[in-house]
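Undergrad: Protein chains in written order, with the working numbering: chain A, 5 to 477; chain B, 5 to 477. Ideal Cβ positions, reconstructed from N, Cα and C, are used throughout, including at glycine. I have a structure I would like to understand better, so I am pasting it below and will then ask my questions one at a time.
There are 2 protein chains.
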Amino acid sequence: MTKPSLNPLAFFLIIIALLVSSPESRRNPFPGKHSRLLKPQNNLLNADNYIYETRYFEQTLDHFSFHDLPKFPQRYLINTNHWVGPSRMGPIFLYCGNEGDIEWFAANTGFVWELAPRFGAMIIFIEHRYYGESMPYGSRNEAYKNVSTLAHLTAEQALADYAVLITDLKRNLSAEASPVILFGGSYGGMLAAWMRLKYPHIAIGALASSAPILQFEDIVPLDTFYNIVSNDFRRESTSCFDTIKKSWDVITYVGRKVNGLDYLAKTFRLCGKLQSSDDLFNWLESAYSYLAMVDYPYPSDFLMPLPAYPIKEVCKQIDNLAEGVNILDRIFKGVSIYYNYTGEADCFELDDDPHGMSGWDWQACTEMVMPMSSNKNSSMFPEWDYNFTSYAEECQNEFGVTPRPTWITTEFGGHCIEDGETGNNVTGAHHMDLRAATADDPDWLVEQRASEVKIIKGWIDDYYTTMKTVVNM
Amino acid sequence: MTKPSLNPLAFFLIIIALLVSSPESRRNPFPGKHSRLLKPQNNLLNADNYIYETRYFEQTLDHFSFHDLPKFPQRYLINTNHWVGPSRMGPIFLYCGNEGDIEWFAANTGFVWELAPRFGAMIIFIEHRYYGESMPYGSRNEAYKNVSTLAHLTAEQALADYAVLITDLKRNLSAEASPVILFGGSYGGMLAAWMRLKYPHIAIGALASSAPILQFEDIVPLDTFYNIVSNDFRRESTSCFDTIKKSWDVITYVGRKVNGLDYLAKTFRLCGKLQSSDDLFNWLESAYSYLAMVDYPYPSDFLMPLPAYPIKEVCKQIDNLAEGVNILDRIFKGVSIYYNYTGEADCFELDDDPHGMSGWDWQACTEMVMPMSSNKNSSMFPEWDYNFTSYAEECQNEFGVTPRPTWITTEFGGHCIEDGETGNNVTGAHHMDLRAATADDPDWLVEQRASEVKIIKGWIDDYYTTMKTVVNM
């Protein structure tokens, strides 16, 4: 058998751009507070066809040290219906779970389900530790109790989980020779890319979609992300962009007036009182960022139930109201597309995380320090600069932990990936290439998927050729 | 800049064979109890020419989790006398410290010192955590206190130490573009090989000498190591081999007699009482194994002060005594070459580790589970089989820890390294190619070093070529 050589070109299929974050320095670069992070109740796609068995693996909590710690049950979803088995070295498609319930990702990663039969592949979705049902210490409350219990929520531990689980599974099935292909989107895509880098003996390739592995330190300009989100709105309508850009000053101005916060709460139909304009800023900024992530050409239900081309719909609301309508009402109508497309919500909770601690917030306060800023000239978001000192202070206050801002690049690299390696990026919406095919897919997406299939087929063919050579030696 | 492709042929310069272990399942596969593990008092080589500055780096204790743990001072030795500096991208030669005082390895790795001026390279020797002066928790006693304090003595943490330290050092010197070449012997060689695998963005190549990275699980036959040691003795003299092979039964027989253990203690000039024949077995087996490791063609002082070709000397003692001399006296004369070449010892302590806990024993009881057996037919050592259950029980008893026998191959691979990749192994004594050149070096060693220099030069030249291309783009 062979250790396959790294093919960085095929390996890094990255959309750096489509990372989402709320503007406060360390909050939620990934779906968190203002998204549901739940298994969709009524998935608009054919998720019912994604049949799997749910299993649990007794996982080591700390792979890199030897404390006397309890193991935890790691959930994974498995489908072997199309697998051609170990004797024919049937491939294994492994989705690297990200920061949420794994069933949610399984339902939104149709590409893997559609691809598996063509390759005679087994499908495995592994849930990320500390998310969904894969909780150390028996429950989410216990796992999220304090620094000591949260300590082992890190990307390296998650990668080791995947390595240990898949190695054990392959051994039990006598499928050691079956090649493994990794899949992942967003943070899961980062994990897929990093896993291929760190565990080349375990996986022969990785499709890392929308994986912002370069969004660390000073590798990409700090204002890139919000510029791209802003451009998504400007492309739909300049006036929409301008209205949003102006709205922040209006909110600030109104908020400072007597009873101004109450007025804002009423205008935006908040369920509770508004403590400060900043909280409203966060809520709005999240909506715009997430909209850019899921700006699919068809109705979808990934973060929220949404119409096709949701940014276009938001801008329609903002632009098309009668001339006399004030700017705040326009904004409210716009973001209602995101927060209330089904019309079911009577009022809105700005903070729907009752525990006050989300897993991604912890990760952002430890390893996932992704510096971002909003550029006065090119962004529609409020201007702000990145400030690590205040970022670290917030993390100390909330978790009692000090972030390690240079760790990820030390552990996984990133500074020296030359332009060529990110040249054949996937472009499009967040996770889009990983979603199930639809009749509304634009041509570039169809072509992109075809090219990905070809690359994956190439990896597997090369692997089989090498294996035959070794066997015949 | 580029991420260099892995060149497995040049990368794995491995002597699987020259791993040393005492026969009990988990004891000391590497120099430990019966070697000095100290900086040599009177180094026979030109160690005085190895000039360095000693520095300390404030190191993170747990890179992969976020407990609130104290940092520790990591010692490193640095020489920049020959370095051509950051503007010329002068290379950095980094020795990955192994299980002992780093000054000891610096003194016994002449190759790196001799090579640096030719390459205009900086030299750095980093000490491995929990060894020498690089102690967490303020002192060796505190660091070695219990499972909880020893928990972070693992290879992955050590590799991350090296990555963090060298990244910080390069940044401080504005030498981010300087290529790093890794060096290491034995366990340090394993670390060098694994570091190149796990941190390709940090090091462009690794010279891993005598690095038994395949001595895990069932990758190599379990009896390989002791067969090779045995053959080293048989090659010198069949009767020497036969005498040693017979001696175990004699010791067992004598030990069972009334006052037999006292008789053995007297024969082998032990300082204290002999508790069981097994303790004597260990002592003798260690001597034979270490002799195979350091069977250099010139006098040396690595584990112990020894003459040139020490196995030849041992066998001379065993073979050449008058016919009437009994087998135990022959054996004692033989191993005295190893334990008492200077003639200074009046008596011998079987266990010279007063703390009862060595760092390597901990590592062997956690990650470094290297299964070995001794084959009745081909080995001169007592016969024994590998038994993980009893191995794990011993570890529970001594450290309260359960070994993870499949972890190293999961983390670093090994099962699928085909024969071709280990084809250009270095052959020779333990660490031999890393030692300073001497007039007594055999031709193969001179050629081997020349070939290593050529390979390293190739890595550096390729790197410079790529850098120029990137700069000109």
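Among B:Tyr257, B:Thr113, B:Arg79, B:Ala120, which residue has its Cα nearest to the Cα of Leu499 (chain B)?
TA: Summary: the structure shown does not reach residue 499 (chain B), with chain B confined to residues 5 through 477, and so no result is reported for it.
Undergrad: Using alpha carbons as the reference points, say which of A:Ala120, A:Glu289, A:Gly209, A:Ala159 lies closest to Arg133 (chain A).
TA: A:Ala159
Undergrad: What first and last residue would you give for the beta strand (DSSP E) that runs through Ile412 (chain A)?
TA: Here Ile412 (chain A) belongs to no beta strand (DSSP E); instead the alpha helix (DSSP H) covers 411–416.
Undergrad: I'd like to know if Ala164 (chain B) contacts chain A, where contact means its C-beta is closer than 8 Å to some C-beta of that chain.
TA: yes
Undergrad: Could you work out which residue in A:Trp366, A:Leu81, A:Pro311, A:Met372 is closest to Glu107 (chain A) when comparing CA atoms only?
TA: A:Leu81
Undergrad: Less than 6 Å between C-beta atoms, sequence neighbours within five positions excluded: which residues of the same chain meet that for Ile322 (chain B)?
TA: Cys244, Thr247, Arg334, Gly338
Undergrad: Excluding the 5 residues preceding and the 5 following Leu241 (chain B) in the sequence, name in chain order all residues of the same chain whose CB lies nearer than 6 Å to its CB.
TA: Per the sequence presented here, residue 241 (chain B) reads as Ser, with Leu not at that position. Counting only Cβ-Cβ distances below 6 Å, and skipping sequence neighbours, we find Cys319, Asp323.
Undergrad: Spatial neighbours of Lys43 (chain B) within its chain, please: C-beta separation below 7 Å, excluding the five flanking residues on both sides.
TA: Confidence at Lys43 (chain B) is low in this model, with a pLDDT of 40, below 50, so the placement of that residue should be treated as unreliable; the coordinate-derived value is given next. Cβ neighbours of Lys43 (chain B) beyond the five flanking positions: Asp105, Glu107, Trp108, Ala111.
Undergrad: With a threshold of 8 Å between beta-carbons, can Ser362 (chain A) be considered close to chain B, or not?
TA: no
Undergrad: Lys277 (chain B) to Glu371 (chain A), Cα distance in whole Å?
TA: 55 Å
Undergrad: Go through its chain and collect everything with a Cβ distance to Gly209 (chain A)'s Cβ below 6 Å, but skip five positions before and after it.
TA: Ile185, Trp463
Undergrad: Check whether the Cβ atoms of Phe237 (chain B) and Met384 (chain B) sit closer than 8 Å, and answer yes or no.
TA: yes
Undergrad: According to the neighbour-count rule (16 or more other Cβ atoms, all chains shown, within 10 Å of its Cβ), is Asn85 (chain A) buried or exposed?
TA: exposed
Undergrad: Residues in the segment 60–91 of chain B with C-beta within 8 Å of chain A's C-beta atoms, listed in sequence order?
TA: Thr64, Asp66, His67, Phe68, Ser69, Phe70, His71, Asp72
Undergrad: Cβ of Val224 (chain B) less than 8 Å from any chain A Cβ?
TA: no
Undergrad: Within 10 angstroms of its Cβ, does Cys100 (chain A) collect 16 or more other Cβ (buried), or is it exposed?
TA: buried
Undergrad: Along chain B, which residues have their Cβ under 9 Å away from the Cβ of Lys472 (chain A)?
TA: Going along chain B, no residue has its Cβ under 9 Å from Lys472 (chain A), so there is no contact; the nearest lies around 13 Å.
Undergrad: Tell me whether Glu103 (chain A) is buried or exposed, calling it buried when 16 or more other Cβ atoms sit within 10 Å of its Cβ.
TA: buried
Undergrad: My output table needs one value for Lys458 (chain B): the three-state DSSP class, helix, strand or coil.
TA: helix
Undergrad: Express the C-alpha separation of Thr473 (chain B) and Ser39 (chain B) in angstroms, rounding to a whole number.
TA: Below a pLDDT of 50, predicted positions are generally treated as unreliable, and Ser39 (chain B), at 42, falls in that range; no measurement from the model is reported.
Undergrad: Taking the alpha helix (DSSP H) that Asn83 (chain A) belongs to, which residues open and close that run?
TA: No alpha helix (DSSP H) holds Asn83 (chain A); the beta strand (DSSP E) holding it covers 76–83.
Undergrad: I want to verify the contact list: residues of chain A whose CB lies under 8 Å from the CB of Lys202 (chain B), in sequence order.
TA: Lys202
Undergrad: Below 8 Å on the Cβ atoms is my guess for Ala167 (chain A) versus Gly188 (chain A); work out the distance and round it to an integer in Å.
TA: About 14 Å separates the two Cβ atoms, so there is no contact after all.
Undergrad: With 8 Å as the threshold, decide whether the Cβ of Val373 (chain B) is near any Cβ in chain A.
TA: no
Undergrad: Assuming Tyr292 (chain B) and Pro314 (chain B) make a contact with CB atoms under 8 Å, what is their CB distance in whole Å?
TA: Their Cβ separation, rounded to whole angstroms, is 11 Å, which puts Tyr292 (chain B) and Pro314 (chain B) out of contact at 8 Å.
Undergrad: For Gln161 (chain A), which residues in chain B fall below 8 Å Cβ to Cβ?
TA: Result: Phe68, Ser69.
Undergrad: Classify Trp366 (chain B): buried if its beta carbon has 16 or more other beta carbons within 10 angstroms, exposed otherwise.
TA: buried
Undergrad: List, from N- to C-terminal side, the alpha helix (DSSP H) runs of 4 residues or more that fit wholly inside the segment 98–164 of chain B.
TA: If we require 4 residues or more, the alpha helix (DSSP H) runs fully inside the segment 98–164 of chain B come out as 106–111, 114–123, 144–147, 151–154.
Undergrad: Using the C-alpha atoms, what's the distance from Met93 (chain A) back to Asp465 (chain A)?
TA: Going by C-alpha positions, Asp465 (chain A) is about 11 Å away from Met93 (chain A).
Undergrad: Per DSSP, Leu186 (chain B) is paired with what?
TA: Answer is B:Leu98, B:Ala210, bridged to Leu186 (chain B).
Undergrad: With distance defined between alpha-carbon atoms, name the residue in B:Pro121, B:Leu449, B:Asn150, B:Phe123 nearest to Cys399 (chain B).
TA: B:Asn150
Undergrad: Name the residue from A:Lys202, A:Asp299, A:Phe115 whose alpha carbon lies nearest to the alpha carbon of Thr414 (chain B).
TA: A:Lys202
Undergrad: Please state whether DSSP places Arg408 (chain B) in a helix, a strand or coil.
TA: coil
Undergrad: Would the beta-carbon of His1 (chain A) fall within 8 Å of that of Ile223 (chain A)?
TA: The requested residue 1 (chain A) is not part of the displayed model; chain A covers only 5 to 477.
Undergrad: Determine the direct distance from the alpha carbon of Phe76 (chain B) to that of Gln63 (chain B), and round the result to whole angstroms.
TA: So the alpha carbons of these two residues sit roughly 5 Å apart.
Undergrad: Cutting at 6 Å between CB atoms, please list the residues of its own chain near Trp252 (chain B), excluding the five before and the five after it.
TA: Pro386
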